[in-house]
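S.K.:
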Amino acid sequence: MKKLIGVVADDITGGNDIGIMFAKNGLVTEVYRYHENMEFKKVEDVDVIIIDTDSRLDEPKVAAEKVYNSTKSLMKIPCDMYFNKTCSVFRGNIGVEFDAMQEALGIDKSIVILGFPANGRVTKNGLHYVNGVLLENSQFANDPIHPMKESNVVKILESQTEKTVGIINYNIVKQGEEILKSHIEKMKKDFSYIILDVTEQEDLKIIAKAAAGELNLCGSSAIAEELPKAFGNVKELKFEDGVYKSLDKNGVLVLAGSLTPQTLLQVNYLKEIGVETIEFDTLSIYAEEGYARCINEIVAKAIEVVSKGRDILIHTSNDRVIVKKTKEIGYNLGLKDNEIGKKISSALTAIVKEVYERTGFRKIVVAGGDTSEAVSEGLNIEKMRIIEEIEPGLPNMFGYNSMGRLLMVLKSGSFGTKEFLKKAIDNLKCLEERLCK
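For what it's worth, our numbering labels the leading residue of the sequence shown as 63, then goes sequentially.
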């Protein structure tokens, strides 16, 4: 049975992440960037509508307002299910965003599924693990904006909401759909948010069947892979032939603005295999003359390489001394971590925008959520349509703007194997060839 699903995601890569979970089951999935008073007029052929609020780094009040408004916009369609997509390790404005969606829907009971086994996120006995390590001991413990010092997901959510939070143990989940469904109904008498343990993909299959009739789900994207099967709505996703009349002669532009260990490995791999590389000096964002010169030099080099059909990687410096100094100067100027990050993302976006306007390149890969958000805005991307998965949670997509359709990959900084950026480059080239037939 077809169900129209409305999703509110707190960042763009998260929106794409959950989008591919639906799309690889054949559901037509579109992603829109948030603005007030959104309207969706042509939804007959769409199965999933995702709104990216870009609210993970917002003040809680602003984040809550965006989620409330987004939910109300989706309710005008209306949707059969509403999903509040968050970070898979609970970074961000989790509590206020969950509360805001409940308020908009006029409900006070929601199911929360955080586990994403395919990407190393497991919840067991209420404790969250990342690649076998407790969240509090993982790389996310040192997140500059949302340091995750707690592994107990109930405690994390309780610290952000005044509503009650309960947990259903994996032993209950593994007893099957009917027992789990019964347990959920019992828990609803005492708790507003019911978090479910997830230790493996099989757990998600059971949870999807038990939760298929729920109005509101919250958490990571992983459960979305199983929901269409639970709905009986799996299809074959088809895209048009002849989207492009000819191949784009430009190479692929790869932009990496994330400092996560995963992105560092991916950047180094591209260097090792000989992809031409430019490093952006983040210290230049504080020097007016030096900044303009740095931007112009990178733009000129990128145009030279891309216009000759070669791929190019532009990335921020990973040198610890430069990273530290970039932060210190920002702090001395009264900037917060997220404000420093936005200045860097804005600089990278200025580079991409200039190269795009002067070459008309069609294929782009971006690593890092904040960078992906900034680039999408800079390229005036109005909406995206998810196409296919490259690696778990990492899709390619169409990006629509006034100049036509781009082929894009926007990836979370903490996702992907060492070879992912190379896979993404090759994938976009192959996809373009298929679309020209």
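Where is the CB? At the ideal position from N, CA and C, for every residue including glycine.
1. Note the first and the last residue of the continuous alpha helix (DSSP H) segment covering Glu439.
2. Strictly by DSSP, which residues pair up with Pro457?
3. Closest by CA to Thr378, which one among Tyr94, Gly422 and Val428?
4. Rounded to whole angstroms, what is the Cα-Cα separation between Lys250 and Ala125?
5. Kindly indicate which three-state DSSP category Leu277 falls into: helix, strand or coil?
6. For Phe178, does the three-state DSSP call read helix, strand or coil?
7. Report all residues from its chain with a CB closer than 7 Å to the CB of Lys445; omit the five preceding and five following residues, and keep chain order.
8. Straight-line CA distance for Leu119 to Ile376?
9. Count the other CB atoms within 10 Å of the CB of Arg424; is the residue buried (16 or more) or exposed (fewer)?
10. Can you name the start and end residues of the beta strand (DSSP E) that Phe160 belongs to?
11. Excluding five sequence neighbours on each side, which residues of the same chain lie with their C-beta closer than 8 Å to the C-beta of Asn442?
12. Closest to Ser438 by C-alpha separation, out of Ser369, Val414 and Asn312, would be which residue?
13. Quick check: the Cα distance between Gly336 and Val368, rounded to an integer number of angstroms?
14. Please indicate yes or no: does the CB of Asn330 lie closer than 6 Å to some heavy atom of the ligand PLP?
15. Where does Arg420 fall in DSSP's three states?
16. Do the CB positions of Val215 and Ile268 come within less than 7 Å of each other?
17. Would you mind listing the alpha helix (DSSP H) stretches within the stretch 304-373 that are 4+ residues and don't spill past its ends, in chain order?
18. Taking the alpha carbon of Phe202 as the point to measure from, which residue in Thr185, Ser150 and Lys243 has its own alpha carbon closest?
19. If you draw a straight line from the C-alpha of Glu121 to the C-alpha of Gly154, how long is it?
20. Near Met83, what residues of its chain come up, given a Cβ to Cβ distance below 6 Å and the 5 sequence neighbours on each side ignored?
21. Spell out the partners DSSP gives Met446 in its beta bridges.
22. According to DSSP, is Gly19 helix, strand or coil?
23. Let's test the definition: count the other Cβ atoms within 10 Å of the Cβ of Tyr393 and tell me whether it reaches 16, buried, or not, exposed.
24. On the DSSP bridge assignment, give the partners of Asp72 in chain order.
25. Which two residues bound the contiguous beta strand (DSSP E) that contains Lys473?
26. Using 7 Å as the threshold, is the C-beta distance between Leu493 and Leu468 below it?
27. Would you call Lys370 buried or exposed, if buried means 16 or more other Cβ atoms sit within 10 Å of its Cβ?
28. Kindly give me the distance between the Cβ atoms of Leu410 and Gly319, rounded to whole angstroms, as I take these residues to be in contact under 8 Å.
29. DSSP three-state call for Lys484: helix, strand or coil?
30. Using 8 Å for Cβ pairs, my map puts Gly431 next to Thr75. What's the rounded Cβ distance?
31. Using alpha carbons as the reference points, say which of Ala270, Ala292 and Gly475 lies closest to Thr325.
32. In whole angstroms, give me the CA-to-CA distance for Asp252 and Arg420.
33. Flag this pair as yes or no: are the beta carbons of Gly422 and Arg372 separated by less than 7 Å?
34. For the stretch 242-249 against the stretch 219-232, do three or more pairs of beta-carbon atoms, one drawn from each stretch, fall closer than 8 Å, so that the two count as touching?
35. Please go through the same chain and pick out, in chain order, the residues whose beta-carbon is closer than 6 Å to the beta-carbon of Asp161, but skip the five residues on each side of it.
36. What whole-angstrom Cβ distance do Tyr144 and Asn330 have, given they're in contact under 8 Å?
M.R.: Result, derived from the coordinates:
1. Per DSSP, Glu439 belongs to the alpha helix (DSSP H) from Gly431 to Gly440.
2. Looking at the DSSP assignment, Pro457 forms a beta bridge with Glu451.
3. If we check each option's Cα against that of Thr378, Val428 comes out closest.
4. If you draw a straight line from the Cα of Lys250 to the Cα of Ala125, it is about 26 Å long.
5. Collapsing the DSSP output to three states places Leu277 in coil.
6. Strand at Phe178.
7. So the list reads Glu92, Val93, Tyr94 and Tyr462, once near-sequence residues are dropped.
8. Using only the alpha carbons, I get a separation of about 24 Å.
9. So Arg424 ends up on the buried side.
10. For Phe160, there is no enclosing beta strand (DSSP E); the enclosing alpha helix (DSSP H) has its first and last residue at Ile156 to Leu167.
11. For Asn442, where only same-chain residues beyond five positions count, the Cβ hits under 8 Å are Asn463 and Ser464.
12. The shortest Cα separation from Ser438 among Ser369, Val414 and Asn312 belongs to Val414.
13. Looking at the two C-alpha atoms, the distance is approximately 15 Å.
14. Annotation note on the ligand PLP: not contained in the displayed structure, which lists no ligands.
15. If DSSP states are grouped into helix, strand and coil, Arg420 belongs with the helices.
16. In this structure, Val215 sits away from Ile268, with a CB-CB distance that is not shorter than 7 Å.
17. For the stretch 304-373, whole alpha helix (DSSP H) runs of length 4 or above, ordered along the chain, are 323-334 and 350-368.
18. It is Ser150.
19. Approximately 10 Å, taken between the alpha carbons.
20. Excluding positions up to five away in sequence, the list reads Ser283, Ala286 and Glu287.
21. Per DSSP, Val93 and Gly461.
22. Nothing about residue 19 can be read from this structure; the chain reaches only from 63 to 499.
23. Result: exposed.
24. Per DSSP, none; premise fails for Asp72.
25. Counting along the chain, the unbroken beta strand (DSSP E) around Lys473 starts and ends at Gly466 to Lys473.
26. No, Cβ-Cβ distance for Leu493 and Leu468 is not below 7 Å.
27. Flag for Lys370 reads exposed.
28. Indeed, because the Cβ distance is near 5 Å, the residues count as touching under 8 Å.
29. Residue state, collapsed to three classes: helix.
30. Correct: roughly 5 Å between the Cβ atoms.
31. The residue among Ala270, Ala292 and Gly475 with its C-alpha nearest the C-alpha of Thr325 is Gly475.
32. Cα-Cα distance, rounded: 60 Å.
33. In this structure, Arg372 does not lie closer than 7 Å to Gly422 by Cβ.
34. With the cut-off at 8 Å, the stretch 242-249 and the stretch 219-232 touch.
35. Here the set comprises Thr223.
36. Distance from Tyr144 to Asn330 at the Cβ level is roughly 41 Å; contact not present, criterion being Cβ atoms closer than 8 Å.
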